[in-house]
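*Asks:*
Protein chains: 2
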Amino acid sequence: MTTTGQAGLASALMRLSQVVAHVFADVSRSRDLTPQQAQLLCTLIEGPVGMSELGRLLHLEKSSLTGLVDRVERRGLVLRTRDPSDRRASQVGLTCQGAQLAAESHEDVTARLEDLAGELAPADRKRLAAAIATMLDRVVA
Amino acid sequence: MTTTGQAGLASALMRLSQVVAHVFADVSRSRDLTPQQAQLLCTLIEGPVGMSELGRLLHLEKSSLTGLVDRVERRGLVLRTRDPSDRRASQVGLTCQGAQLAAESHEDVTARLEDLAGELAPADRKRLAAAIATMLDRVVA
DNA sequence: TATTGTTATACTCTATAACTATA
DNA sequence: TATAGTTATAGAGTATAACAATA
Chain Z
1 MTTTGQAGLA SALMRLSQVV AHVFADVSRS RDLTPQQAQL LCTLIEGPVG
51 MSELGRLLHL EKSSLTGLVD RVERRGLVLR TRDPSDRRAS QVGLTCQGAQ
101 LAAESHEDVT ARLEDLAGEL APADRKRLAA AIATMLDRVV A
Chain V
142 MTTTGQAGLA SALMRLSQVV AHVFADVSRS RDLTPQQAQL LCTLIEGPVG
192 MSELGRLLHL EKSSLTGLVD RVERRGLVLR TRDPSDRRAS QVGLTCQGAQ
242 LAAESHEDVT ARLEDLAGEL APADRKRLAA AIATMLDRVV A
């Protein structure tokens with residue numbers, strides 16, 4: 001039995017999340033991004049998101065998000081667009097350069113996580129993904 | 142099929158780790174700790190650790206760790222002890238108050254993660270923990 | 001009044017480079 | 001020379017409170 005096995009599911013989840021965070025940090029650094037900036041870019045891959053929604057997704061206070069978006073916008077990776085239907089709101093979307101960086105970073109992280117899962121049999125991987133999906137469904141609900 | 146299910150194992154792992162990080166952040170905040178401080182305390186639960194080893198575990202440069210330990214020591218949660226056999230080195234250990242906070246925080250996070258896993262059948266939980274353990278074994282090796 | 005977002009402020013977190021002390 | 005750790009510095013990340021603009 002491994003050390004991890006003894007510690008229970010919760011501890012396994014904590015360690016796993018720490019490892020994933022470190023992978024993310026390494027990949028971010030290799031692209032000259034902070035982990036927070038890379039996380040922001042990856043969140044925008046599927047399309048522009050409003051500031052409020054982005055704050056919920058990233059678990060950030062609105063003022064923290066303002067600063068984060070400011071710095072990434074200054075580097076030309078994202079763009080704020082004023083919402084015409086509600087002139088208070090704005091959407092944050094990737095620029096071409098930002099989209100490229102986001103895609104590359106996401107692929108790098110994916111590759112390293114796939115490698116980490118390399119020992120698992122296909123059936124185990126499928127069950128693992130399904131079990132995680134079940135847990136995550138509980139979060140949104 | 143859920144949104145998560147479509148995205149593959151790597152994406153599931155990324156989202157899971159983000160959720161765990163948010164849980165950790167919430168629990169830390171409720172104890173008036175930063176996530177980094179709570180992570181440090183939890184790392185010391187099993188016993189004192191040297192600064193170099195701590196840096197490896199937390200994925201931090203030595204100077205970053207110096208500051209983090211400084212701030213937590215100033216709050217009376219940890220204590221540096223000079224190693225008699227190598228007078229350059231020092232061990233960082235929890236104080237009574239630090240140990241209490243660490244235990245409480247760890248229990249809180251554990252409870253919230255267990256809750257998250259609540260939908261899973263016992264057999265699935267066991268398989269999930271085992272699969273994660275297999276992945277983590279690959280990290281250390 | 002409520003919501004969206006920014007500004008001001010004060011910390012914390014982090015890395016790089018240079019340093020001290022010990023091995 | 002190499003290792004353990006600190007200091008100095010600069011920038012990034014974060015929250016709270018107060019604010020402006022719009023709904």
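For the protein sequence lines, the chains are Z and V, in the order given. Be aware that the first sequence starts at 1, since it is given in the working numbering, and climbs by one per residue. Be aware that the second sequence starts at 142, since it is given in the working numbering, and climbs by one per residue. By construction, the Cβ of each residue, glycine as well, lies at the ideal position given by its N, Cα and C atoms. All figures in this text were calculated on a predicted structure; none of them were measured in a lab.
Please classify ALA179 (chain V) as buried or exposed, where buried requires at least 16 neighbouring CB atoms within 10 angstroms.
*Replies:* buried
*Asks:* Does DSSP classify ARG15 (chain Z) as helix, strand or coil?
*Replies:* helix
*Asks:* Runs of 3 residues minimum, wholly inside the region 32-117 of chain Z: which ones carry the beta strand (DSSP E) assignment?
*Replies:* 78-82, 90-94
*Asks:* Taking Cβ positions, are LEU218 (chain V) and GLN238 (chain V) nearer each other than 9 Å?
*Replies:* Yes.
*Asks:* By how many angstroms is the C-alpha of LEU235 (chain V) removed from the C-alpha of GLU107 (chain Z)?
*Replies:* Rounded to whole angstroms, the separation of the alpha carbons of LEU235 (chain V) and GLU107 (chain Z) is 39 Å.
*Asks:* Using a Cβ-Cβ distance under 9 Å, would ARG172 (chain V) count as near chain Z?
*Replies:* Chain Z has no Cβ within less than 9 Å of the Cβ of ARG172 (chain V).
*Asks:* Whose C-beta lies closer than 6 Å to the C-beta of PRO176 (chain V) among residues of the same chain, with five residues either side of it excluded?
*Replies:* Within its own chain, the residues whose Cβ lies closer than 6 Å to the Cβ of PRO176 (chain V), once the five positions on either side in sequence are excluded, are PHE165, ALA166, SER169, listed in chain order.
*Asks:* Check GLU119 (chain Z) in the structure and name its three-state DSSP category.
*Replies:* coil
*Asks:* Who are the near neighbours of VAL213 (chain V) in its chain, counting only those whose CB is closer than 8 Å to its CB and skipping five residues on each side?
*Replies:* Around VAL213 (chain V): GLN178, LEU181, LEU182, VAL219, GLY239.
*Asks:* Would you kindly check if the distance between the Cβ of THR251 (chain V) and the Cβ of ALA10 (chain Z) is under 9 Å?
*Replies:* yes
*Asks:* Between MET290 (chain V) and the rest of its own chain, which residues show a CB-CB distance below 8 Å, the 5 nearest in sequence each way excluded?
*Replies:* Because chain V spans 142 through 282 in this model, residue 290 (chain V) falls outside it and cannot be assessed.
*Asks:* Measuring CA to CA, which of Z:GLN91, Z:SER17, Z:ARG56 is closest to GLY50 (chain Z)?
*Replies:* Z:GLN91
*Asks:* Rounded to the nearest angstrom, what separates PRO263 (chain V) and ASP256 (chain V) at their Cα positions?
*Replies:* 13 Å
*Asks:* For a quick check, are the C-beta atoms of LEU269 (chain V) and ARG125 (chain Z) less than 9 Å apart?
*Replies:* No.
*Asks:* Can you check whether the C-beta of LEU150 (chain V) is within less than 9 Å of a C-beta belonging to chain Z?
*Replies:* yes
*Asks:* Do you know how far the Cα of GLU53 (chain Z) is from the Cα of LEU157 (chain V)?
*Replies:* If you draw a straight line from the Cα of LEU157 (chain V) to the Cα of GLU53 (chain Z), it is about 19 Å long.
*Asks:* Measure from the alpha carbon of GLU187 (chain V) to the alpha carbon of each residue in V:GLN241, V:ILE273, V:VAL281, V:ARG253, then state which is nearest.
*Replies:* V:GLN241
*Asks:* On the criterion of 16 or more Cβ atoms from any shown chain inside 10 Å, does VAL160 (chain V) qualify as buried, or is it exposed?
*Replies:* buried
*Asks:* Apart from the five residues just before and just after ASP83 (chain Z), which ones in its own chain have a Cβ nearer than 8 Å to its Cβ?
*Replies:* GLY50, ALA89, SER90, GLN91
*Asks:* Please report the straight-line C-alpha distance between ALA117 (chain Z) and ASP86 (chain Z), rounded to a whole angstrom.
*Replies:* 45 Å
*Asks:* How many angstroms separate the CA atom of LEU206 (chain V) from the CA atom of LEU65 (chain Z)?
*Replies:* 26 Å
*Asks:* Since ARG229 (chain V) meets chain Z, which of its residues come closer than 8 Å, beta carbon to beta carbon?
*Replies:* Near ARG229 (chain V) there are no residues of chain Z at all, since even the closest Cβ is about 26 Å away, more than 8 Å.
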